[in-house]
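*Asks:* Submitted below is the structure of interest, expressed as structure tokens.
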Amino acid sequence: MNVASLDLDLDVFSGPFDLLLTLILREEVDLLEVSLADVVLSYLDHLEARGELELETTTEFIVLIAALLELKSKLMLAGDEDELLDIEPEQAAEELLARMLDARRYRSAAGHLHELLAAEHGVRFRCAPLPPNLRRTVLPPLDGSEDPRLLGEAIGRMLRMPPAISLRHIAFPRVTVAERLAHLRGLLARGGFDFDEAVHGADRMTVAVTLFALLELYKRGEADWEQRESFGGIAVRASSEAVVAVAG
Amino acid sequence: MSEPDELAPVLEALLFLSADPLSADELAEATQGMADTQQALELLREQYAPGRRGIRLRELGGGWTLASDPRSEDAARRLFSRPRTATLSPAQAETLAIVAYLQPVSRPEITRIRGVSSDSATTTLLERGLIDEAGRSQFGAVLYRTSTQFLKLFGLRSLEDLPDVARWDPTPEEQAQLRDRLLRAGEARADGAGA
Amino acid sequence: MSEPDELAPVLEALLFLSADPLSADELAEATQGMADTQQALELLREQYAPGRRGIRLRELGGGWTLASDPRSEDAARRLFSRPRTATLSPAQAETLAIVAYLQPVSRPEITRIRGVSSDSATTTLLERGLIDEAGRSQFGAVLYRTSTQFLKLFGLRSLEDLPDVARWDPTPEEQAQLRDRLLRAGEARADGAGA
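In order, the protein sequence lines correspond to chains B, P and X. Okay, so the first sequence: first residue is 136 according to the numbering used here, each after it adds one. Okay, so the second sequence: first residue is 9 according to the numbering used here, each after it adds one. Okay, so the third sequence: first residue is 9 according to the numbering used here, each after it adds one.
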């Protein structure tokens, strides 16, 4: 089988691996919500069921998973605030493609090295010490011929820390239910609104918090809504009670 | 100045004695321009033409070196009771290929390309003398490069003998297909699932 | 059974590869009696008749061996016995720096700081007399310190004369001990490589 058709059954997704990839790249499934560990476990189960190791596809799988892990870690720990959650699907696809090509390239090069080595089969070299009368004398270097700065520089190089993963820029939810309540009440005061309009241009987190705020308004009897079909628009209006209250 | 046929035996002796390949310059320097080194090497090359002798003259690792003819391998294995070199595992071959093409290259970089840790492969390649340390990267990671031993064992005159790595890249059409596969392979299913 | 002139090149290869003389019996066993070993050796002897080649076939201590022709000795001496000054490889320089600044220091510590095995560098430094053993750590690992020879090579009167590393320190504001900082950086690099 190829990696593409590996069947997955995850919390947020069930279907073949290539579909998951496609959905991630089209941003229809949030990579942050995909448990890559579960994907790996599924693959291991699959391998166990097959009882054999398919080297080619396993390598492809490892490269893809590694690339997804890196993408995911970039999403979680964006190095710069501007970059936060800012990987375009095309960019992600290009990166995955570049990874696959890189891995493929050096795997092929490794195959070529195997061929070279095989072609040299049976070629041996002489390995014998020089006759004593020809042995190279190694002169002890002169006193003071080495510069102590060499040592200080070496220490300096080894003191360098590798680039640290910064946790500074993890996005903590900055939007609060109170803020969204105020926003929705403002819209309601104008008579009513469409939910899409209320969250126009907002990020995922804001959409979720706005939905909470809407539920809160409903619970308090301030708003009613209507949705004519699944996934259709949600029309929100002030509840009749509230209207009466206002009118009264 | 003597004749090439007087110089050839001297070069032969030097090549016999030296563990490392010797360049024409090194040979010329050691023989202090006794005669034309290139002509003498040409002469030696004829004497060592494949099939004539049990020893071959090879141009490897930036110089000239003598090596056994592979036809004696069965006998050599019986006599020395060890194979010429251990074979490379797939992980070692991939690591070696990355070092050969990208040198100097660090371990994290190798790991990034392979998608898996390459520590034990790197250590084995170092122990077998196929790669050497080559300083540190700007982030402090040890860098690696291939050794003369690598060129010798793989029958290469220099790194230039390695084919262009782009040779194994898929054609632009295939790349476009791969890109499509990544972006849209599951689209039919995605649409099916979304309905 | 093949002819002596097919066996001769195989014997030639075996003699070429072996550092020690090989007896006729050993040669016969390795070639599993392909042909008459004595006849093939006779043939080789003719090919290697003195004066014809830069390599000679000699009978030595009950066996046969190849050796360079004495006429190439001048050139060989120029090539091989030129005195050479040993320089420090990057791995040796780093290992020596760790020993110089942290002494006494153990091999496992050196490895942790460098992030790669440093056994061969340590061994070379010991052989060159630049470092000495200095007892054992509480965990039983051999400890190293620099030698008087080291001070001479670097033109230092005492270890106090070692330059202040602050000059090359990428983060001089760090307060922790040099040893702890080196270990921490080494381990951080090792973790990064494993990711």
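Where is the CB? At the ideal position from N, CA and C, for every residue including glycine.
Residues of chain X with a CB under 9 Å from the CB of Thr131 (chain P): which are they?
*Replies:* Position 123 of the second sequence holds residue 131 (chain P). Residues of chain X with a Cβ closer than 9 Å to the Cβ of Thr131 (chain P) are, in chain order, Val124, Ser125.
*Asks:* If you measure from the beta carbon of Ile63 (chain X) to each beta carbon in chain P, is any gap under 9 Å?
*Replies:* Numbered from its first residue, the third sequence carries residue 63 (chain X) at position 55. At least one CB of chain P lies nearer than 9 Å to the CB of Ile63 (chain X).
*Asks:* According to DSSP, is Thr341 (chain B) helix, strand or coil?
*Replies:* Walking along the first sequence from the start, residue 341 (chain B) turns up at place 206. Three-state DSSP puts Thr341 (chain B) in a helix.
*Asks:* Distance check for Leu110 (chain P) and Asp215 (chain B), CA to CA, integer angstroms please.
*Replies:* Counting from 1 along the first sequence, the entry for residue 215 (chain B) is found at position 80. Counting from 1 along the second sequence, the entry for residue 110 (chain P) is found at position 102. Confidence at Asp215 (chain B) is low in this model, with a pLDDT of 47, below 50, so its placement is unreliable and the value that follows should be read with caution. Each residue's alpha carbon lies about 29 Å from the other.
*Asks:* Among residues of its own chain, excluding the 5 on either side of Thr154 (chain X), which ones have a beta-carbon nearer than 8 Å to its beta-carbon?
*Replies:* For the purposes of this step, residue 154 (chain X) is taken as the residue at position 146 of the third sequence. Only Leu104, Val107, Ala108, Gln111, Leu138, Ile139, Asp140, Leu167 meet the Cβ criterion.
*Asks:* Can the beta-carbon of Ala333 (chain B) be found closer than 9 Å to that of Leu319 (chain B)?
*Replies:* Within the first sequence, numbered from 1, the residue matching residue 333 (chain B) stands at position 198. Within the first sequence, numbered from 1, the residue matching residue 319 (chain B) stands at position 184. Going by C-beta atoms, Ala333 (chain B) is nearer than 9 Å to Leu319 (chain B).
*Asks:* So what's Asp237 (chain B) in DSSP terms, helix, strand or just coil?
*Replies:* Translated into positions along the first sequence, residue 237 (chain B) becomes position 102. The answer is helix: DSSP assigns Asp237 (chain B) an H, G or I state.
*Asks:* Can you list the alpha helix (DSSP H) stretches of 4 or more residues lying completely in the region 121-161 of chain P, in chain order?
*Replies:* For the region 121-161 of chain P, whole alpha helix (DSSP H) runs of length 4 or above, ordered along the chain, are 127-135, 156-161.
*Asks:* What residue range is occupied by the uninterrupted alpha helix (DSSP H) comprising Arg284 (chain B)?
*Replies:* Counting from 1 along the first sequence, the entry for residue 284 (chain B) is found at position 149. Run containing Arg284 (chain B): 284-294, per the alpha helix (DSSP H) assignment.
*Asks:* Taking only three categories from DSSP, how would you classify Ile369 (chain B)?
*Replies:* Residue 369 (chain B) sits at position 234 when you count from the first residue of the first sequence. In the three-state scheme derived from DSSP, where H, G and I count as helix and E and B as strand, Ile369 (chain B) is classed as coil.
*Asks:* How far does the alpha helix (DSSP H) with Arg61 (chain P) in it reach, from first residue to last?
*Replies:* To locate residue 61 (chain P), count along the second sequence from 1; it is residue 53. No alpha helix (DSSP H) holds Arg61 (chain P); DSSP gives it neither H nor E.
*Asks:* Which one of B:Gly150, B:Ile159, B:Leu145 has the shortest CA to CA distance from Ala172 (chain B)?
*Replies:* Taking the first sequence and counting its residues from 1, the one referred to as residue 172 (chain B) is at position 37. Residue B:Leu145 is the option with its Cα nearest to Ala172 (chain B).
*Asks:* Could you spell out where the alpha helix (DSSP H) holding Arg177 (chain B) opens and where it closes?
*Replies:* Your numbering for residue 177 (chain B) matches position 42 in the first sequence. First, the amino acid is wrong: residue 177 (chain B) is Ser here, not Arg. First-last of the alpha helix (DSSP H) with Ser177 (chain B): 171-185.
*Asks:* Can you check which of these residues, P:Leu15, P:Ala27, P:Glu14, is closest to Arg259 (chain B) by C-alpha distance?
*Replies:* Mapped onto the first sequence, residue 259 (chain B) falls at position 124. Here the closest residue by C-alpha is P:Ala27.
*Asks:* For the beta strand (DSSP E) that Thr210 (chain X) lies in, which residues bound it at each end?
*Replies:* As shown, chain X starts at 9 and ends at 203. That puts residue 210 (chain X) outside it, with no answer to give.
*Asks:* When burial is assigned at 16 or more other CB atoms within 10 Å of the CB, is Asp13 (chain X) buried or exposed?
*Replies:* Translated into the one-based positions of the third sequence, residue 13 (chain X) becomes position 5. Asp13 (chain X) comes out exposed.
*Asks:* With distances taken Cα to Cα, identify the nearest neighbour of Thr39 (chain X) among X:Phe158, X:Arg120, X:Gly143, X:Leu15.
*Replies:* Here residue 39 (chain X) is taken as the residue at index 31 of the third sequence, counted from 1. A check of alpha carbon separations from Thr39 (chain X) across X:Phe158, X:Arg120, X:Gly143, X:Leu15 identifies X:Leu15 as the nearest.
*Asks:* Determine, using beta-carbon pairs with one atom in the region 19-35 of chain X and one in the region 248-266 of chain B, whether at least three such pairs fall under 8 Å.
*Replies:* They touch, by the three-pair rule.
*Asks:* Using the three-state DSSP reduction, which class does Asp13 (chain X) fall into: helix, strand or coil?
*Replies:* Along the third sequence, one-based indexing puts residue 13 (chain X) at 5. Asp13 (chain X) sits in a helix when the DSSP states are folded into three classes.
*Asks:* By Cβ distance below 6 Å, which residues in the same chain neighbour Ser145 (chain P) in space, the five residues on each side in sequence not counted?
*Replies:* Along the second sequence, read from residue 1 onward, the residue named residue 145 (chain P) stands at position 137. Same-chain partners within the cutoff: Ser114, Leu151.
*Asks:* Give the interface partners of Leu22 (chain P) over in chain X, defined as CB-CB distance under 9 Å, in chain order.
*Replies:* Looking up residue 22 (chain P) in the second sequence gives position 14. The contacting residues are Gly62, Ser76, Ser80, Ala83, Ala84, Leu87, Phe88.
*Asks:* So which residues of chain X does Ala263 (chain B) contact, with C-beta pairs closer than 7 Å?
*Replies:* Locating residue 263 (chain B) in the first sequence gives position 128, counting from the first residue. Per Cβ cutoff of 7 Å: Ala27.
*Asks:* Can you tell me which of B:Ala244, B:Ala324, B:Asp165, B:Ala184 puts its alpha carbon nearest to the alpha carbon of Leu206 (chain B)?
*Replies:* Start at 1 with the first residue of the first sequence, and residue 206 (chain B) comes out as number 71. Looking at the Cα atoms, B:Asp165 is the closest of the given residues.
*Asks:* Is it buried or exposed for Leu19 (chain P), if we count other Cβ within 10 angstroms and need 16 for buried?
*Replies:* Translated into the one-based positions of the second sequence, residue 19 (chain P) becomes position 11. Leu19 (chain P) comes out buried.
*Asks:* Whose C-beta lies closer than 8 Å to the C-beta of Thr130 (chain P) among residues of the same chain, with five residues either side of it excluded?
*Replies:* Indexing the second sequence from 1 puts residue 130 (chain P) at position 122. Around Thr130 (chain P): Thr103, Arg115, Ile118, Ile139, Tyr152.
*Asks:* Tell me, to the nearest whole angstrom, how far the beta carbon of Pro29 (chain P) is from that of Gly70 (chain P); I am working on the premise that it is less than 8 Å.
*Replies:* Taking the first residue of the second sequence as 1, we reach residue 29 (chain P) at position 21. Taking the first residue of the second sequence as 1, we reach residue 70 (chain P) at position 62. Right, the Cβ-Cβ distance comes to about 6 Å (below 8 Å), so this counts as a contact.
*Asks:* Have a look at Ala245 (chain B) and Asp77 (chain P) and give me their C-alpha separation to the nearest angstrom.
*Replies:* As a position in the first sequence, residue 245 (chain B) is number 110, starting the count at 1. As a position in the second sequence, residue 77 (chain P) is number 69, starting the count at 1. So the alpha carbons of these two residues sit roughly 25 Å apart.
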